[in-house]
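**Student:**
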Amino acid sequence: MPGPLVHQGAVVICAHGGQAMPTVPNPRVRVGGQSTVLLAAPWTVAACPFPPVSGGPCVTSVWSVGSVRVRSMGQPLVLASGLATCAPTGVPLAVTASQFRAVAT
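Residue 1 is where the sequence shown starts when you use the UniProt record's numbering, and the numbers rise one by one after that.
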């Protein structure tokens with residue numbers, strides 16, 4: 001499914017409102033002057049307010065669905081329309097603000 005490429009400065013949050021950030025940006029492809037993110041790169045989630053008694057707050061996240069036709073260094077890129085799951089809670093990530101000029105499939 002096509003969608004805008006996600007860059008390092010995009011606002012990405014877990015379902016509880018915690019801020020997610022990529023751990024490894026991809027400097028080979030830039031959009032809006034900022035590095036994109038490879039699908040295989042793990043993300044960290046900070047300030048997730050989910051109570052620890054019911055499994056703990058979101059700590060990390062991994063994207064499982066990304067670009068199919070557009071690749072960088074042989075790997076797919078993260079798309080705003082992609083799918084990511086947080087650990088240990090299993091909730092999805094949502095891209096709330098990103099660039100919309102560069103779209104990939």
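Ideal Cβ placement from N, Cα and C applies to all residues, glycine included.
1) Is the beta carbon of Gly18 closer than 8 Å to that of Pro57?
2) Please say whether Ala10 and Ala104 have beta carbons closer to each other than 8 Å?
3) Classify Val31 as helix, strand or coil using the three-state DSSP reduction.
4) State yes or no: is the C-beta of Thr60 within less than 8 Å of the C-beta of Val78?
5) Between Ser81 and Pro2, is the Cβ-Cβ spacing less than 8 Å?
**Tutor:** Short version:
1) Mapped onto the sequence shown, residue 57 falls at position 57. Mapped onto the sequence shown, residue 18 falls at position 18. Result yes, Cβ atoms of Pro57 and Gly18 sit closer than 8 Å.
2) Counted from its first residue, the sequence shown places residue 104 at position 104. Counted from its first residue, the sequence shown places residue 10 at position 10. No. Outside cutoff.
3) The sequence position of residue 31 within the sequence shown is 31, counting from 1. Strand at Val31.
4) Position 60 of the sequence shown, counted from the first residue, corresponds to residue 60. Position 78 of the sequence shown, counted from the first residue, corresponds to residue 78. Cβ distance not < 8 Å, so Thr60 and Val78 don't count as in contact.
5) Here residue 81 refers to the residue found at position 81 when the sequence shown is read from its first residue. Here residue 2 refers to the residue found at position 2 when the sequence shown is read from its first residue. In contact: Ser81 and Pro2 (Cβ atoms closer than 8 Å).
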